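J.: The following block contains the structure, expressed as structure tokens.
6 protein chains.
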Amino acid sequence: MATLGLVEYKNASPEVRAVYDEIMATRKTDWINNFWKAIAHDPVTLKRTWNDIKQIMAPGALDPLTKEMVYLAVSVSNQCNYCIASHTAGARKAGMSDAMFKELMAVVGMANESNRLVSGYQVEIDDKFKT
Amino acid sequence: MATLGLVEYKNASPEVRAVYDEIMATRKTDWINNFWKAIAHDPVTLKRTWNDIKQIMAPGALDPLTKEMVYLAVSVSNQCNYCIASHTAGARKAGMSDAMFKELMAVVGMANESNRLVSGYQVEIDDKFKT
Amino acid sequence: MATLGLVEYKNASPEVRAVYDEIMATRKTDWINNFWKAIAHDPVTLKRTWNDIKQIMAPGALDPLTKEMVYLAVSVSNQCNYCIASHTAGARKAGMSDAMFKELMAVVGMANESNRLVSGYQVEIDDKFKT
Amino acid sequence: MATLGLVEYKNASPEVRAVYDEIMATRKTDWINNFWKAIAHDPVTLKRTWNDIKQIMAPGALDPLTKEMVYLAVSVSNQCNYCIASHTAGARKAGMSDAMFKELMAVVGMANESNRLVSGYQVEIDDKFKT
Amino acid sequence: MATLGLVEYKNASPEVRAVYDEIMATRKTDWINNFWKAIAHDPVTLKRTWNDIKQIMAPGALDPLTKEMVYLAVSVSNQCNYCIASHTAGARKAGMSDAMFKELMAVVGMANESNRLVSGYQVEIDDKFKT
Amino acid sequence: MATLGLVEYKNASPEVRAVYDEIMATRKTDWINNFWKAIAHDPVTLKRTWNDIKQIMAPGALDPLTKEMVYLAVSVSNQCNYCIASHTAGARKAGMSDAMFKELMAVVGMANESNRLVSGYQVEIDDKFKT
């Protein structure tokens, strides 16, 4: 159950509890998933990671659903099983339908295929694509 | 300039030209980028890849802009330079603004970071996330 | 339990036992972990891999702890669960404290994030960095 | 020269200049490398990334040289050319000798090899390694 | 048991059954493995993926055994556990002996090692290798 | 031109020359490619890497052409440009025709696509595939 174990709320320091509270408030939920409990052994990393995610995943030029789907797409491409499970849940909560999920997976698969055709055929960048 | 060279339109077989014509018509453009010219040495792969991409990238439950940004996100995560250049252009054409690009990159970076924190801390999947 | 099963000491050939004996002597331990038992079905690979690891992981310009932590960092970045488990144990045995582990994970996460920001923004190598 | 171009100091906003100034002061150098100039188009990402790196790479349980070598090891494993060039320079500045570099590369290569032997032989985690 | 669950033959639509029937006929087997049952929730992806695999894995300039071993090699390199299990079975069925498996793994491991030595040492492409 | 530069034959130590001589004799060629010249700064790594590759790539249960194509497939999947260039040359020398190359690339692309569909749909290993 994680390298250093999980820090449950009842055993957490005030510093860690403050982050847990903010996560639950922001996500409108009453529980904390294992990722946070695992890294809470390092309060500095916990706090930095939460602050980064809160800033990055907030609505902006991209809406939260799009951001969650991109996060899931990268996790699938990297084959991180925990991340796939947690961000599938996150994307569903943000509004991803089954139909969206299916199309998302198709795009991730296709991108991974064509990425290798490109490198295998040693394709050079077109002048028109150069920035 | 690609392992087998590039198949220019003027030297292409009718079979390859038919795919090139369809690519240009679908994308409302008058040129073919190097990826297609490189794999055109294998008309079977050219035709299959184009048909797959045409099907996968068509508007559906996800709009074309979202699909292009996901394609770009995966290519960035995989660090495929050609694909990054071509899909940055593709996403822009589909409507990606500078602000969207910046947020997209932030999500891709964050996902790659947290994917490793998860594996490094050996986090197990929460029961609530199990399907 | 591994594609070809595990070769236990009592069933091992003299050739394989000799490698097992050397592993246990070098590591000052009385057991062999599954990795070696799995590849022992191929004594050539077993012997070559052990000799390589013995040479590479020996103290030199870098001390064994640093080498174990680098091995763990790469395994985390590659998301190889077995390797993460075994090299976390290896690094701890070589002296990695909890505090070191936490900082190591933070660096691995950060490197994976910035690697993608670099490719996503298509950053070119500074002349000063060219060798 | 990067997707959005490079933000040179003379054209930078006060907000961006403040980060550049801090980078140069912290690193005891008088120039800014392209990575920062490329992401400076997104001051939020620039500031967050710099603050994260400053925190993560500061001396702690691990010394700066070890951290720079781990960063380089991950970048080599991910095959990010820009990152390899910049962090080779960074690690040298922190004290990495040629001998250290050579041993570091040997460990990174070996870890990547054994990671695949492990997955290819479908090796299961030893009970002793379970946390 | 898969994000959307598994589509069993008895509950499958005629469209999905037709693909299942073709898979079983082509592979001379009487069962369908979980991969197909998982993606069958998206009949468009099921059909496209099956048609692609059928075309790509058919005997041609490369024989089916070589193709299955290459598929396995890539899956091992990507560390996709399901794919390793299924394509080890597939390669065995196509004729892969234990001796072939062992040599295959050795090559995959070596390639992953030398790929990183190449990037770590920043080796430039020899003119003789340029296409 | 490589982090530590290239060790040309005329400047090489007798130890390095001996490896170069053996490479040229084994490969029936009169030149040394940059990979070897780059790692020759570390004669221990040079010697170990050459001995490993010589052993692994020798004809056995798999013929040299199959081994070279697997090496190329892994390098393409990893997107290592130098390795793709050098192993395309190596595979051609071992007998890879254009038709074989095309089919090889198609398999590598397909494997990368299906690897992600598998992880994205969170497919569990079939009991029949368990070893």
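Residue numbers (the numbering used here), protein chains in the order written: chain A, 5 to 135; chain B, 5 to 135; chain C, 5 to 135; chain D, 5 to 135; chain E, 5 to 135; chain F, 5 to 135.
Here a beta-carbon is modelled for each residue, glycine too, at the ideal position from N, C-alpha and C.
It should be emphasised that the depicted structure is a prediction, and the values quoted were computed from it without experimental measurement.
1) Give every residue of the same chain whose Cβ lies closer than 7 Å to the Cβ of residue 92(A), excluding the five residues on either side of it in the sequence, and list them in chain order.
2) Flag residue 70(F) as yes if its beta-carbon sits less than 7 Å from any beta-carbon of chain D, otherwise no.
3) Excluding the five sequence neighbours on either side, which residues of its own chain have a C-beta within less than 7 Å of the C-beta of residue 10(F), listed in chain order?
4) Check each candidate in 59(C), 15(C), 63(C) and 124(C) and name the one with the smallest Cα separation from residue 4(B).
5) Does the pairing of the region 112-124 of chain F with the region 103-114 of chain A give three or more beta-carbon distances under 8 Å?
6) Could you tell me if residue 22(F) is buried or exposed, where buried requires 16 or more neighbouring beta carbons within 10 angstroms of its beta carbon?
7) Please classify residue 49(B) as buried or exposed, where buried requires at least 16 other C-beta atoms within 10 Å of its C-beta.
8) Just checking: is the beta-carbon of residue 98(A) within a distance shorter than 7 Å of some beta-carbon in chain E?
9) Could you tell me whether any Cβ in chain C is nearer than 7 Å to the Cβ of residue 83(B)?
10) In chain A, which residues lie less than 9 Å from residue 59(D) when you measure between Cβ atoms?
11) Using the Cα positions of residue 56(C) and residue 117(D), report the straight-line distance between them to the nearest angstrom.
12) Out of 127(B), 105(B) and 131(B), which has the shortest C-alpha to C-alpha gap to residue 45(D)?
13) Please list, in chain order, the chain E residues whose beta carbon lies closer than 8 Å to that of residue 56(B).
14) Hey, is residue 123(F)'s beta-carbon within less than 7 Å of any beta-carbon in chain A?
15) Do residue 17(B) and residue 78(A) have their CB atoms nearer than 7 Å?
16) Should residue 117(D) be flagged as near chain E, meaning a C-beta pair shorter than 7 Å?
17) Count the other CB atoms, across all protein chains shown, that sit within 10 Å of the CB of residue 33(D); report buried if there are 16 or more and exposed otherwise.
18) If you reduce the DSSP assignment to three classes, tell me which class residue 57(E) lands in.
19) Name the residue from 90(C), 115(C) and 132(C) whose alpha carbon lies nearest to the alpha carbon of residue 7(A).
20) Could you work out which residues of chain A lie near residue 110(C), taking near to mean beta carbons separated by less than 7 Å?
21) Could you pull the start and end residues of the alpha helix (DSSP H) that residue 38(B) belongs to?
22) For residue 86(B) and residue 72(A), I'd like the C-alpha separation in whole angstroms.
23) Within the region 49-120 of chain F, note down every full alpha helix (DSSP H) run reaching 4 residues or more, in order along the chain.
24) Which residues of chain E have a Cβ atom closer than 7 Å to the Cβ of residue 114(F), listed in chain order?
25) Any heavy atom of the ligand MG inside 6 Å of the beta-carbon of residue 7(C)?
26) Using a C-beta cutoff of 7 Å, does residue 74(A) count as contacting chain F?
27) Going straight from the alpha carbon of residue 27(F) to that of residue 36(F), what length do you get?
28) Just to make sure I have the definition right: I need the residues of chain F whose C-beta is within less than 8 Å of the C-beta of residue 78(E). Which are they?
29) In chain C, which residues lie with their C-beta within 9 Å of the C-beta of residue 24(D)?
30) Give every residue of the same chain whose Cβ lies closer than 7 Å to the Cβ of residue 53(E), excluding the five residues on either side of it in the sequence, and list them in chain order.
31) Determine the closest residue to residue 67(B) out of 99(B), 83(B), 115(B) and 24(B), with distance taken between C-alpha atoms.
32) Excluding the 5 residues flanking residue 88(A) on each side, which residues of the same chain have their C-beta closer than 8 Å to its C-beta?
33) Which same chain residues, not among the five before or five after residue 13(C), have their C-beta less than 8 Å away from its C-beta?
34) So, using beta-carbon positions, are residue 47(F) and residue 19(F) closer together than 7 Å?
T.: In this structure, then:
1) Reading the first sequence from its first residue, position 88 is the one you call residue 92(A). Here the set comprises 76.
2) Taking the sixth sequence and counting its residues from 1, one reaches residue 70(F) at position 66. By this cut-off, residue 70(F) is not an interface position.
3) If you number the sixth sequence from 1, residue 10(F) lands on position 6. The answer, listed in chain order, is 38, 41 and 42.
4) Given that chain B is displayed from residue 5 to residue 135, the structure contains no residue 4(B) and the question cannot be resolved.
5) yes
6) Translated into the one-based positions of the sixth sequence, residue 22(F) becomes position 18. Residue 22(F) is exposed by the Cβ-count criterion.
7) Looking up residue 49(B) in the second sequence gives position 45. Result: buried.
8) If you number the first sequence from 1, residue 98(A) lands on position 94. False, the Cβ-Cβ gap to chain E never drops below 7 Å.
9) As a first step, residue 83(B) must be located in the second sequence, where it is residue number 79. Yes, residue 83(B) counts as interfacial toward chain C.
10) On the fourth sequence, residue 59(D) is found 55 positions in, with the first residue counted as 1. Simply 48 and 52.
11) Position 52 of the third sequence, counted from the start, is the residue given in the question as residue 56(C). Position 113 of the fourth sequence, counted from the start, is the residue given in the question as residue 117(D). Residue 56(C) and residue 117(D): Cα-Cα distance of roughly 11 Å.
12) Position 41 of the fourth sequence, counted from the start, is the residue given in the question as residue 45(D). Considering only alpha carbons, the answer is 105(B).
13) The count along the second sequence starts at 1 and reaches residue 56(B) at position 52. The contacting residues are 52 and 56.
14) The residue you call residue 123(F) lines up with position 119 of the sixth sequence. Taking Cβ atoms only, chain A reaches closer than 7 Å to residue 123(F), which makes this a yes.
15) The residue you call residue 17(B) lines up with position 13 of the second sequence. The residue you call residue 78(A) lines up with position 74 of the first sequence. No; because the gap between Cβ atoms is not below 7 Å, this pair is not in contact.
16) Locating residue 117(D) in the fourth sequence gives position 113, counting from the first residue. Yes, because at least one Cβ of chain E sits closer than 7 Å to the Cβ of residue 117(D).
17) What you label residue 33(D) is simply residue 29 of the fourth sequence in a count that begins at 1. So residue 33(D) ends up on the exposed side.
18) Numbered from its first residue, the fifth sequence carries residue 57(E) at position 53. Correct three-state label for residue 57(E): helix.
19) In the first sequence, residue 7(A) corresponds to position 3, counting from 1. Nearest of 90(C), 115(C) and 132(C) to residue 7(A), Cα basis: 90(C).
20) Position 106 of the third sequence, counted from the start, is the residue given in the question as residue 110(C). Neighbours of residue 110(C) on chain A, chain order: 49.
21) Locating residue 38(B) in the second sequence gives position 34, where the first residue counts as 1. That run of the alpha helix (DSSP H) goes 38-43.
22) Counted from its first residue, the second sequence places residue 86(B) at position 82. Counted from its first residue, the first sequence places residue 72(A) at position 68. Cα to Cα, the separation comes out at about 25 Å.
23) 68-82 and 85-97
24) Within the sixth sequence, the letter at position 110 stands for residue 114(F). Within 7 Å Cβ-Cβ: 56, 57 and 60.
25) Among the components of this structure there are no ligands whatsoever, and the ligand MG is therefore not found.
26) Sequence index remark: in the first sequence, residue 74(A) carries index 70 (1-based). So, not an interface residue.
27) Counting from 1 along the sixth sequence, the entry for residue 27(F) is found at position 23. Counting from 1 along the sixth sequence, the entry for residue 36(F) is found at position 32. Cα to Cα, the separation comes out at about 8 Å.
28) Here residue 78(E) refers to the residue found at position 74 when the fifth sequence is read from its first residue. Result: 77, 78, 81, 111, 112, 115, 116 and 119.
29) To locate residue 24(D), count along the fourth sequence from 1; it is residue 20. None at all; the shortest Cβ gap to chain C is about 15 Å.
30) On the fifth sequence, residue 53(E) is found 49 positions in, with the first residue counted as 1. Within the same chain, residue 53(E) has close Cβ partners 43.
31) Here residue 67(B) refers to the residue found at position 63 when the second sequence is read from its first residue. For residue 67(B), the nearest C-alpha among the options comes from 99(B).
32) Counting from one through the first sequence, the residue named residue 88(A) turns up at place 84. Excluding positions up to five away in sequence, the list reads 76, 79 and 80.
33) As a first step, residue 13(C) must be located in the third sequence, where it is residue number 9. Counting only Cβ-Cβ distances below 8 Å, and skipping sequence neighbours, we find 21, 24 and 36.
34) Reading the sixth sequence from its first residue, position 43 is the one you call residue 47(F). Reading the sixth sequence from its first residue, position 15 is the one you call residue 19(F). Yes, they are a contact pair.
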